[in-house]
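Under our numbering, the final residue of the sequence shown carries the number 386; numbering is consecutive throughout.
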Amino acid sequence: MRHSAPVYQVPGAGFFIVSRYADIHHVLGHPEIFSSRQPPGVDTTVQDDVKEILSQGYPPMDTLLTNDPPVHSRFRALVNKAFSARRVATLEPKMRQITNELIDRFIGAGKVELVSQFAIGLPLTVIADALGVPRSDMDDFKRWSDDAVAQIGGMIGHQRQLECAHSQIEFQHYFEARLEERKSAPRDDLTTDLLNARLDGIKPLDVAEMLNIIYQLLIAGNETTTNLIASAMMLLVRNPDQMRLVIEDPSLVPNMIEEALRLESPVQGLFRVAKAASEIGDVKIPEGARLAVMYASGNRDEAEFPDADRFDVRRANARTHLGFGQGEHFCIGAALARLEARVAFETLLTRMPVIRLAAGKNDFAHTPSFILRGLRELHLEFEAS
Ligand code: HEM
């Protein structure tokens with residue numbers, strides 16, 4: 002598609018697929034033409050009984066992902082204040098502790114299913130800790146997070162939609178109470194930071210906005226980071242020469258992570274809607290057209306990444322990938338995700354210096370989704386240090 006129809010209108014579906022690196026940059030760089038104001042998923046129909054459940058909670062609203070400047074800019078500035086580099090850096094010691102605790106549970110076995118025993122737990126526990134959710138509430142927190150993500154892939158049935166709607170309301174009640182508690186008893190956590198985020202001349206966030214933003218952190222942050230950790234490990238064990246380079250020189254871990262984001266982009270693409278008629282290359286885009294902007298394809302564009310299908314932990318420009326998007330909506334959690342993945346691999350590769358695929362157990366199946374790319378399972382055998 003990148004070679005013969007880089008801006009391709011899907012027959013029947015009507016939307017355009019944008020697949021070249023430079024064209025994706027162009028679309029993401031022009032939010033005044035290509036709007037984010039629509040649901041990121043594929044199936045946007047919501048049935049009445051699902052709506053009925055959702056009507057018991059705060060109304061849905063556009064905050065970050067599905068908003069455009071200048072309204073988006075207010076949310077972004079306030080959330081940036083809460084999600085500061087300082088806040089992310091303070092999480093590192095706890096992150097190392099969580100990483101080691103997860104590894105302690107399987108290190109004696111010499112084998113692990115990395116997705117369920119490690120890659121899910123790490124981001125979930127880190128964000129729960131950052132928000133100030135106690136361990137005793139983790140099962141609920143995990144369910145809310147899973148149900149939040151399930152809604153965006155566009156591939157769930159009606160019964161699951163009902164469950165997800167119930168979850169969303171439970172989540173709102175829970176965090177509404179936590180926000181209320183922090184008004185009189187502030188804590189050193191992200192929830193308090195959101196509550197207290199202030200900027201000159203900008204209206205602070207209200208409760209409905211904060212709930213929506215916290216929900217979006219779960220949707221955008223957990224499964225994506227899980228998928229990054231699992232696919233980076235898959236790439237390493239399937240490319241033993243690259244694994245050896247990283248083990249011999251752990252300073253390559255950050256670039257290895259960028260290379261994994263490039264090759265196995267956890268967010269394969271998202272949608273935009275044309276607010277005005279325009280052109281991309283020689284293709285006319287009418288006003289109102291929907292565009293699927295395929296970051297994962299841009300990340301394998303030979304014009305930007307020579308020998309693009311090769312996993313090269315020393316690739317000089319790996320970090321220019323589009324795995325975190327670009328422009329106004331560039332992932333607000335990128336620093337957190339990068340840190341989590343770095344801590345994960347520094348610790349895993351130190352404690353398990355010999356890792357290989359468990360024979361006959363891996364089919365490398367991925368979870369069905371048009372948007373997210375994630376390995377279902379990754380069975381490994383290893384020798385501990
Ligand atoms: C490897 C992990 C991650 C990947 C691949 C990823 C990917 C992305 C991408 C591609 C976007 C851009 C969306 C667009 O173009 O419209 C985005 C935005 C966003 N991400 Fe991430 N993300 C990751 C981790 C996180 C984490 C850990 C958090 C928070 C805890 C987070 C929160 C967000 C939010 C709130 C936005 C919306 C920003 C805005 O619209 O201004 N993400 N992410």
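The C-beta atom is built at its ideal place from N, Cα and C for all residues, glycine as well.
Contacting residues, own chain, Cβ-Cβ under 6 Å from Ala-335 (five flanking each side not counted):
As a working note, residue 335 is residue 334 in the sequence shown. Only Phe-325 meet the Cβ criterion.
Ser-36 beta carbon near the ligand HEM (any heavy atom closer than 7 Å):
For the purposes of this step, residue 36 is identified with residue 35 of the sequence shown, where counting begins at 1. No, Cβ of Ser-36 sits at least 7 Å from all heavy atoms of the ligand HEM.
Assuming Ile-230 and Leu-123 form a contact by the criterion Cβ under 8 Å, report the distance between their Cβ atoms to the nearest whole angstrom.
For this step, residue 230 is matched to residue 229 along the sequence shown. For this step, residue 123 is matched to residue 122 along the sequence shown. Indeed, because the Cβ distance is near 7 Å, the residues count as touching under 8 Å.
Which runs of the beta strand (DSSP E), 3 residues or longer, sit entirely within the region 78-155?
112-114
If you follow the alpha helix (DSSP H) that Ile-170 is part of, which residue opens it and which one closes it?
Along the sequence shown, one-based indexing puts residue 170 at 169. Run containing Ile-170: 159-185, per the alpha helix (DSSP H) assignment.
Using DSSP with H/G/I as helix, E/B as strand and the rest coil, what is Lys-204?
For the purposes of this step, residue 204 is taken as the residue at position 203 of the sequence shown. Here Lys-204 sits in coil by DSSP.
Spatial neighbours of Asp-130 within its chain, please: CB distance less than 7 Å, with the 5 preceding and 5 following residues excluded, ordered by chain position.
Residue 130 sits at position 129 when you count from the first residue of the sequence shown. So the list reads Lys-95, once near-sequence residues are dropped.
Quick one: measure Cβ to Cβ for Pro-344 and Met-257, integer angstroms, because I've assumed they're closer than 8 Å.
Along the sequence shown, one-based indexing puts residue 344 at 343. Along the sequence shown, one-based indexing puts residue 257 at 256. Here the sequence assigns Val to residue 344, which means Pro is not the residue at that position. Not quite, the Cβ-Cβ distance comes to about 14 Å (not below 8 Å), so this is no contact.
In whole angstroms, give me the CA-to-CA distance for Phe-371 and Ala-14.
Counting from 1 along the sequence shown, the entry for residue 371 is found at position 370. Counting from 1 along the sequence shown, the entry for residue 14 is found at position 13. Spanning the alpha carbons of Phe-371 and Ala-14 requires a straight line of approximately 14 Å.
At a threshold of 7 Å, does Ala-338 count as lining the ligand HEM (C-beta to nearest heavy atom)?
As a working note, residue 338 is residue 337 in the sequence shown. Result yes, Cβ under 7 Å from the ligand HEM.
Taking the straight line between their C-alpha atoms, what separation do you get for Phe-107 and Gln-118?
By one-based count along the sequence shown, residue 107 stands at place 106. By one-based count along the sequence shown, residue 118 stands at place 117. So the alpha carbons of these two residues sit roughly 8 Å apart.
Once you ignore the five residues that flank Ser-232 on each side, which residues in its own chain have a CB closer than 7 Å to its CB?
As a working mapping, residue 232 is identified with position 231 in the sequence shown. Closer than 7 Å at the Cβ level, and outside the excluded window around Ser-232, lie Ala-261, Glu-265 and Leu-376.
Do the region 181-198 and the region 71-87 make contact, defined as three or more Cβ pairs closer than 8 Å?
yes
Contacting residues, own chain, Cβ-Cβ under 7 Å from Asp-310 (five flanking each side not counted):
Walking along the sequence shown from the start, residue 310 turns up at place 309. Counting only Cβ-Cβ distances below 7 Å, and skipping sequence neighbours, we find Arg-301.
Kindly give me the distance between the Cβ atoms of Val-294 and Arg-38, rounded to whole angstroms, as I take these residues to be in contact under 8 Å.
Against the sequence shown, residue 294 aligns to sequence position 293. Against the sequence shown, residue 38 aligns to sequence position 37. Wrong, their Cβ atoms sit about 14 Å apart, outside the cutoff.
Flag Gly-122 as yes when its Cβ comes closer than 7 Å to any non-hydrogen atom of the ligand HEM, and as no otherwise.
Numbered from 1 along the sequence shown, position 121 holds the residue referred to as residue 122. Outside the cutoff, so no.
Please return the same chain residues whose Cβ sits closer than 7 Å to the Cβ of Ser-5, not counting the five positions on each side in sequence.
Sequence index remark: in the sequence shown, residue 5 carries index 4 (1-based). Excluding five sequence positions before and after Ser-5, none of the CB atoms of its chain fall closer than 7 Å to its own CB.
Three or more C-beta pairs closer than 8 Å, one from the region 204-215 and one from the region 88-102: is that the case here?
No, they do not touch.
Does the beta-carbon distance from Pro-32 to Asp-69 come in below 8 Å?
On the sequence shown, position 31 is the one that residue 32 refers to. On the sequence shown, position 68 is the one that residue 69 refers to. Contact flag set, yes.
So, helix, strand or coil for Ala-1, using DSSP?
There is simply no residue 1 to check, as the chain begins at 2 and stops at 386 in what is shown.
List in chain order: all unbroken alpha helix (DSSP H) runs of 4+ residues lying wholly within the region 201-280.
208-239, 241-249 and 254-264
Endpoints, alpha helix (DSSP H) assigned at His-380
The residue labelled residue 380 in the question sits at position 379 within the sequence shown. Looking at the DSSP string, His-380 is not in any alpha helix (DSSP H); the run it does join, the beta strand (DSSP E), is 380-384.
Can you look up Val-51 in the DSSP assignment and give me helix, strand or coil?
As a first step, residue 51 must be located in the sequence shown, where it is residue number 50. Reduced to three states, the DSSP call for Val-51 is helix.
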